[in-house]
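One structure below.
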Amino acid sequence: MVDPNVLERHGLKPDEYDRIVQFLGREPNLTELGIFSVMWSEHCSYKSSRVHLKTLPTGGPQVLQGPGENAGAVDIGEGLAAVFKIESHNHPSFIEPYQGAATGVGGIIRDIFTMGARPIALLNSLRFGPLDAPETPRLLEGVVAGIAGYGNSIGIPTVGGEIAFEPSYAGNPLVNVFCLGIAKASDIIKGVASGVGNAVYYVGAKTGRDGIHGATMASAEFDEKSAEKRPAVQVGDPFMEKLLLEACLEVMRTDTLVGIQDMGAAGLTCSTTEMGSRGGAGVEIDVSLVPQRETGMTPYEIMLSESQERMLLVVKRGHEAEVERIFDKWDLHAVHIGNVTDDGLLRVKDRGAVVAEIPNRALTDQAPVYHRPMAPPDYLAEAQQLDLDALPPSREAGRTLSGPANDALMLLLGSPTIGSKRWAFRQYDHMVRTNTLNLPGLGAGVVRIKGTNRALALSVDGNGRYCYLDPYRGAMLAVAEAARNVACAGARPLGATNCLNFGNPERPAIMWQFARAVEGIGAACRALGVPITGGNVSLYNETDGRAIYPTPVIGVVGLLEHADRVVCRRIQGPGDIVILLGEGRGELGGTEYLKLAYDVVRGLPPALDLDAERALQALVVALADGRLIRSAHDCADGGIAVTLAECCFDTGGVGIEASIDEVEVGRDAGLNRAAALFGESASRVVVSVAPDRADEVLSRAADSSVPARIVGRTGGTALRVKAGGKTAIDVTVEEAERVWSTAIDKHFVKRVA
Amino acid sequence: MRARVFVTLKPSVFDPQGKTIADALHTLGYGGVQDVRQGKYFELDLVTTEPAQARALAAEVADKLLANPVIESYRIEVD
Amino acid sequence: MRARVFVTLKPSVFDPQGKTIADALHTLGYGGVQDVRQGKYFELDLVTTEPAQARALAAEVADKLLANPVIESYRIEVD
Amino acid sequence: MKFAIVVFPGSNCDHDAYHAARDVLGQNADYVWHKDTDLKGADVVILPGGFAHGDYLRCGAMARFSPIMREVQAKFQCEHVHIRVEQTDTPFTLACRRGQVLRIPIAHGEGNYFAEPEVIARLEANRQIVFRYTNAAGAVVDDANPNGSAAAIAGLCNETRNVVGLMPHPERACEPVLGSADGLLIFESAVAALKTGVLGGSTRSALEAVG
Ligand SMILES: Nc1ncnc2c1ncn2[C@@H]1O[C@H](COP(=O)(O)OP(=O)(O)O)[C@@H](O)[C@H]1O
Ligand SMILES: [Mg+2]
């Protein structure tokens, strides 16, 4: 029996060790133990989450590839597939923001081109602590620079994303990155190894001691000094990845590959076993053949290294020379490190001597699965209570409540979560490849598909605060918002991917949040017709026992059959009619307004009627397709007041004059007005319409049973909003836009040009 | 007096810049260059005329601003 | 043997990085740092064991690749 | 009329230049691998933007590690800017008016051109400054210079005037759906230059995207 310390340092429980012995019929050696430890880690095995993920809807006529491969794929017509996935790089980004975020981008790009798709768009979803906390600007700056540094150099535009700031992420920022690529539907390539005797090739960067995880390292073999030699931080090399991308796509155009997979988490171990397992085959490699960056690496280190920019290929017999020639052209050297076998084993040799031999399926399908205990968190019942008549004094006491609501609007527009993200996305090359029809900041990112009339709209959304207050409803709202954003570009939502960021699953409260969120995602995806085609789970996001807000992030991909019918949030000029689709109910629970004005995070998130949401989205898509609307913007953070203001931004100062209904949520008239303006009721979209089209839009809405009414008109240079007939907001667009556009910049010192 | 601070990646940290330069040199026919590592270099003009003080100040500045301790180490020269 | 190449901006060229570091240091209370100039630093592992040859090779490489002659100059040390 | 687009291993704007030349302009265009020795009879050679060899050394290499370095590094920036056409007697500006203001995106980290004052004076005297950063009205003002480029230089030509290098990306501004079609003028100039024989037919010209 191995030393319990060694087991613990490998993150393996005693009963898991017993299972290993059972699978092998003997005690594992250290290399084998290392391999089991990474493959059975939460990250690779999904042992806590798998039972829940199984409940997600993954099918649909448009789905070409559901979960289980390196990325999912949906049919976008004309023989093409959109291949996409989201992944987290939270922990590495906290240790080293630049490299952590950069290698996160590198990893998700590899997942996409591994499937035979050319990556054409990136998005990201980021969470940090409050921007005025001393650590945050450094983290934000590093993460954004890392994303830019990698994506820009490789030439893939970053066309969208989201950033939010909440105290719960202060000790554990979230960096989720999404990538989408285009492939011929018939040419999608999978990560399988099969065909006894076929060659297994290694290509890309050399293997170093990077990323061999502290927790999984142990034993007498490794002393203090060798630990020092293994940096936890991986350094990305976008230039190498660009070569790999081009070379792999070129190889894939030939008929030479059986399968291919990138080496991501758990490196060579994960890629060999997963490919073998999917193909029902065995894989045998000799680690001495693996290109190494450092001397004296052990088989353990080589198998567990997470060096970036490496790929594993299974080549059809007889095509070895052709594959090698293509890689040579790109100055890459494909190395034959092993072969496919028929025994279903992962066999690792070192100069011919077997150093590990494990059934593939023991490492994959037969990895442990846990039904972890669940219980609602203690805080929940209390946090869900919201008595609007008993709120503490607002931060802007007096003014916010009894004066015009200008101050509250400015407070919201100037908050970094709502304010413009231009500070970040101007650092991203969002135009390279000349496909970007809707630039970042205008709603969903929209990229056209050259050679067709089509375009895809992409959005990633999450709302940790809602999920904290109700993970089921919060997760549904995240799906709804991502799909609604896509619909607001005029695109029909086709499919979704998800990244589930949670705390420690061994705590019943966290597991409960997780399970409820997955149920919510499932319900919303089913109702809205967007199957989940893949995703990623990131657990243990906590510091000192304090977990982040439960944060499912949803990426939705939608299709525009006519790229030229795309719309965005910007109104197009004066004289148009502004119509609100959907209804505000003055819901203040969990809103940005309550948080900013009252420092209160309570109540239930807005209710969501999935049938109404589906009808609304279908209507918006139809209106855009019929060229009946000139802009569309969904109401989310900050309610309709912020939405109307955002419709005016980036237009050169064109204003809106609007009038909305009163709501009654409590005794205080000021708070009732705030609820009407800043409440975050779901399923609402503000559209602008040429005057002669307003009637048609209203009647189409009526046909779809979507509430709709004219709330105003574009023009002038001010945003004026009446609530219940009384002027509530009256600001110049210029002033509001200044506050909004400097919300993030103002936290950074002025720097030289 | 002047302190010079050399910041380099820790030996085990992959240096893609250095590697790319080395590759480029090989392509250009400079086989005599086996390996390249790239770092940063700072010259600090200091008020002090005390070498020990200068060194201490430079080290403090390097720790705080010039080097990223997670992946880099530094060396100081004073003259 | 090893050659070390220090590339710095020519004195007449404004060094915004150096200046910003100096400013940042002043803000942090390091008045004792009067000025900062930033440069690049390369370690070349060379096959040759001849100091003169090493120096010549490093200079050639610096001219060709490592320094931008329009705005930068360099210095070489061999050991 | 034939365009050759040279592909370096790390080029990332090669597809964009190809698309502009072939799909938008309807010209003959071909990629040329950087290791090739034959330009396949091209009349115009485009060296596209991107990170040709990783560009670790001079572009964006240093912004990487320590926090302060990020603080001070000129950040990568991507947005539309205005450039003014200073010279129209190059093959790439022939179809422009002198003083015409074009709206074209930039996308670069270290995009600022630098030269000693004597060099700038010589460029000026030789009329080699082809584009300058200006505001929408065509005025050279500090605010409109996105990267602190010396003398607001956005593009230059060689002494023989057949090679033009510029920092902004005209290939990204060739279609109205992308927000601007002003870049098309630069490609159309090349086509016109060849047709009208301004280049004496056989002289090959090159457009180099520095950004
Ligand atoms: N939240 C999720 N929902 C659906 N599928 C998921 C989810 N998380 C992970 N998956 C799927 O599980 C598989 C393994 O994921 P992962 O280990 O993250 O992939 P990789 O090996 O590329 O890192 C993938 O096919 C992924 O799509
Ligand atoms: Mg993968």
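Quick note, the sequences are listed as chains Y, W, V and S, same order. For the first sequence, the residue numbers in the numbering used here are 13 to 765. For the second sequence, the residue numbers in the numbering used here are 55 to 133. For the third sequence, the residue numbers in the numbering used here are 55 to 133. For the fourth sequence, the residue numbers in the numbering used here are 175 to 385. Using N, Cα and C, we set each Cβ at its ideal position, and we do this for glycine too.
In angstroms, rounded to a whole number, what distance separates the CA positions of residue i and residue j?
i: Y:C511; j: Y:G602; result: 22 Å
i: V:V101; j: V:V132; result: 13 Å
i: Y:F661; j: Y:M443; result: 20 Å
i: Y:V366; j: Y:V18; result: 22 Å
i: V:A106; j: V:V115; result: 14 Å
i: Y:D648; j: Y:T655; result: Before going further, note that residue 648 of chain Y is Ala rather than Asp in the sequence given. So the alpha carbons of these two residues sit roughly 7 Å apart.
i: S:R196; j: S:N202; result: 6 Å
i: Y:G736; j: Y:A393; result: 34 Å
i: Y:N82; j: Y:M127; result: 7 Å
i: Y:D235; j: Y:G308; result: Confidence at Y:D235 is low in this model, with a pLDDT of 41, below 50, so its placement is unreliable and no value can be given for it.
i: Y:Y480; j: Y:D556; result: 18 Å
i: Y:L540; j: Y:S716; result: 15 Å
i: V:V87; j: Y:A277; result: 44 Å
i: Y:V14; j: Y:S49; result: 14 Å
i: S:R238; j: S:K369; result: Residue placement at S:R238 cannot be trusted, given a pLDDT of 28 that sits under 50; the coordinates are not used to answer.
Which whole-angstrom value describes the C-beta separation of residue i and residue j, a residue pair presumed to lie in contact below a C-beta threshold of 8 Å?
i: Y:G457; j: Y:V698; result: That belief does not hold up - the Cβ atoms of Y:G457 and Y:V698 are roughly 20 Å apart, past 8 Å.
i: Y:V733; j: Y:A670; result: 5 Å
i: Y:V63; j: Y:H383; result: 6 Å
i: Y:A694; j: Y:P618; result: 5 Å
i: Y:V459; j: Y:N447; result: 4 Å
i: Y:G23; j: Y:S57; result: Incorrect: roughly 11 Å between the Cβ atoms, too far for contact.
i: Y:A575; j: Y:L449; result: 6 Å
i: Y:P371; j: Y:F35; result: 6 Å
i: Y:V295; j: Y:T353; result: 7 Å
Less than 8 Å between the C-beta atoms of residue i and residue j, yes or no?
i: Y:T284; j: Y:I297; result: yes
i: Y:R614; j: Y:L398; result: yes
i: Y:R466; j: Y:E99; result: no
i: S:V181; j: S:D188; result: yes
i: Y:L375; j: Y:I224; result: no
i: Y:L731; j: Y:A720; result: no
i: Y:G167; j: Y:V95; result: no
i: S:E345; j: S:A191; result: yes
i: S:I278; j: S:H208; result: no
Mind pulling the chain C residues with CB within less than 7 Å of residue i?
i: Y:R221; result: The structure shown contains no chain C; its protein chains are Y, W, V and S.
Spatial neighbours of residue i within its chain, please: CB distance less than 7 Å, with the 5 preceding and 5 following residues excluded, ordered by chain position.
i: W:R129; result: F60
i: Y:R538; result: P69
i: W:E97; result: R56, R58
Quick one: what does DSSP say residue i is sitting in, helix, strand or coil?
i: Y:T148; result: helix
i: Y:T768; result: Residue 768 of chain Y lies beyond the range of chain Y shown here (13 to 765); nothing can be said about it.
i: W:D89; result: strand
i: S:C386; result: Nothing can be reported for residue 386 of chain S: it is not among the residues displayed for chain S, which extend from 175 to 385.
i: S:L268; result: coil
i: Y:A278; result: coil
i: Y:N548; result: strand
i: Y:L301; result: helix
i: Y:V5; result: Nothing about residue 5 of chain Y can be reported from this structure: the residues present for chain Y run from 13 to 765 only.
i: Y:V721; result: Val is not the amino acid found at residue 721 of chain Y; the sequence shown has Arg there. Three-state result, Y:R721: strand.
i: Y:V633; result: helix
i: Y:V740; result: One detail in the question is off: residue 740 of chain Y reads as Ala in this sequence, not Val. Y:A740: strand per DSSP, three-state reduction.
i: Y:A239; result: Residue placement at Y:A239 cannot be trusted, given a pLDDT of 45 that sits under 50; what the coordinates show is reported in the next sentence. Note: Y:A239 maps to helix in three-state DSSP.
For residue i, collect the residues of the same chain with a Cβ closer than 6 Å to its Cβ; drop the 5 residues on either side in sequence, then sort them by chain order.
i: Y:G101; result: Before going on, a small fix: residue 101 of chain Y reads as His here, not Gly. Once the five neighbours on either side are set aside, the close Cβ partners of Y:H101 are G112, G116, V187.
i: Y:K433; result: I175
i: S:L381; result: I220, F266, V338
i: S:Q274; result: V259
Just to confirm my understanding: we take residue i, look at its own chain, exclude 5 residues before and 5 after, and list those with CB closer than 8 Å. What are they?
i: Y:L620; result: R485, M488, L489, A492, A536, A694, S695
i: Y:A258; result: The residue you asked about is not Ala; residue 258 of chain Y is Glu in the sequence shown. Correct list, in chain order: W342.
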